[in-house]
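To keep things clear, I will list the structure first and then write my remarks on it.
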Amino acid sequence: MINDKKVLFSGMQATGNLTLGNYLGALKNWVALSDEYECFYSVVDLHSITVRQDPAVLRKRARALLTLYIAAGLDPEKNCIYYQSHVSGHAELSWILSCFTYMGELNRMTQFKDKAAKHADNINAGLFTYPVLMAADILLFQSDVVPVGIDQMQHLELTRDVAQRFNAIYGDVFTIPEAYIGKTGAKIMSLQDPAKKMSKSDENPNGSIYLMDDPDTIMRKCKRAVTDSMAQIVYSDEQPGVKNLLNIYCACSGKTPDEAVKEFDGKGYGEFKMAVGEEVVSVLKPIQDRVKELEKDKVYIDNVIKNNAEKASYYANKTLRKVQKKVGFPERIR
Ligand code: ATP
Ligand code: LTN
């Protein structure tokens, strides 16, 4: 608990342009939860270098992502918004936890298998131990809840297992975190292939709506979205393209699938896709405008970066010192 509130941690990688999937599956929930919890939202740049990055591009994207957190509605006075690389406790705790995590556990991680297949020329040890660093992120702040998309559940289970293993040996050191999966938008699929997750690293830009896409681009991508030849708007697994568009529509408008299906009863796919596009534009446009405003205020963003790194380090060090003591590292001489 911090300030009588439960603690929430989440993070995103600055490895591409964020998509509507990232917003609806993660960022939107973060904003909704930010009053109830003491929140830490990190730009997890340590994770990003598990895949080769151009340094200048990574730096630029990391700043854009941090700005986007604020633009999406996270108040940096109330929420700790910071770069993971500015808080050394992440890497330090990660090392310790790696000594409490089994190779067999990491071998089972599907994200590792996917990324190793995709980057066969660079299957580095960091890619393999990535989930340990994620566990360290979460446990460093004694987090109670972690809002993520369904794809991250396996990493969260591992985090809980490692924390429980550590606690069983050393006593109650870590809070055991719970995942928080949003009701709508937990898995937004590609507009070009509804069997595939909408992803910022997709090579086909038409499959994803990017958060900074202009309204014309958004409308065009929605119009071109893959559907089927059944010519009916129902919420069913038989029609994954239509179902995905309904999910997007509902997550953006706050309507339920039942309400949406009634609304589009008897209407054609063309009209339906236009309505989806308009709903997406109405959600993204205000965020884009705010990003443009914030980008002009360098001093403000710099202050957020500095102050929040200090705040995060303070809480991170509290946990880290406790853990170091438990495992038997010598006390610091002051
Ligand atoms: P990459 O393509 O680089 O693997 P990604 O687009 O899958 O990236 P992540 O950085 O892995 O995104 O995820 C950031 C957050 O967004 C996570 O909480 C993840 O669960 C969520 N998320 C990512 N894609 C989707 C999606 N299509 N639908 C819902 N949530 C998503
Ligand atoms: N692995 C996550 C990003 C991430 C994260 C975290 C999410 C790193 N550390 C801690 C929640 C909590 C991803 O790829 N989406």
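Counting from 615, one number per residue, gives the positions in the sequence shown under this note's numbering.
Where is the CB? At the ideal position from N, CA and C, for every residue including glycine.
Just so you know, the alpha carbons of Ile947 and Val941 end up roughly 18 Å apart. Between Leu805 and Val760, the C-beta spacing is not below 9 Å. Cβ-Cβ separation between Tyr696 and Asn922: approximately 4 Å, consistent with a contact (criterion under 8 Å). Counting only residues of its own chain and dropping the five nearest sequence neighbours on each side, Gln902 has a CB closer than 7 Å to the CB of Met826. Distances from the alpha-carbon of Asp911 to those of Gln725, Thr681, Leu711, Ala845 put Thr681 closest. Remark: C-beta atoms of Val776 and Ala749 approach each other more closely than 9 Å.
Contact between the stretch 754-772 and the stretch 666-675 is absent: fewer than three C-beta pairs spanning the two stretches fall below 8 Å. Closer than 8 Å to some heavy atom of ligand 2: that describes the Cβ of Leu747.
Excluding five sequence positions before and after Val658, the CB atoms of its chain that fall closer than 6 Å to its own CB belong to Gly625, Gln627, Gln698, given in chain order. Distances between the C-beta of Gly630 and the heavy atoms of ligand 2 are all 8 Å or more. Here DSSP, grouped into helix, strand and coil, assigns Ser708 to helix.
Ligand 1 has a heavy atom closer than 8 Å to the beta-carbon of Met803. Contact between Lys814 and Asn631 holds, with the beta-carbon distance rounding to 6 Å and staying under 8 Å. In the structure shown, the three-state DSSP call for Thr831 is helix. Under the three-pair Cβ rule at 8 Å, the stretch 915-929 does not count as touching the stretch 847-856. Counting the other Cβ atoms within 10 Å of the Cβ of Ala646 gives fewer than 16, which makes it exposed. If you keep only unbroken beta strand (DSSP E) runs of at least 3 residues inside the stretch 790-860, you get 792-794. Restricting attention to Lys801, Phe714, Phe742, the CA atom closest to the CA of Ser662 is found in Phe742.
Per DSSP, reduced to three states, the secondary structure at Glu691 is coil, with no helix or strand assignment. The Cβ atoms of Cys653 and Cys713 do not sit closer than 9 Å to each other. Per the C-alpha coordinates, the member of Arg779, Leu860, Lys801 positioned closest to Glu719 is Arg779. A residue is called buried once 16 or more other Cβ atoms fall within 10 Å of its Cβ, and Asn736, having fewer, is exposed. Rounded to the nearest angstrom, the gap between the Cα atoms of Pro791 and Lys619 is 14 Å. Cβ neighbours of Ser867 within its own chain (closer than 8 Å, five residues either side excluded): Ala874, Glu893. Going by C-alpha positions, Arg677 is about 13 Å away from Lys920.
For Val746, same chain residues with a beta-carbon under 6 Å away, outside a window of 5 residues either side, are Ser708, Leu711, Ser712, Thr715 in chain order.
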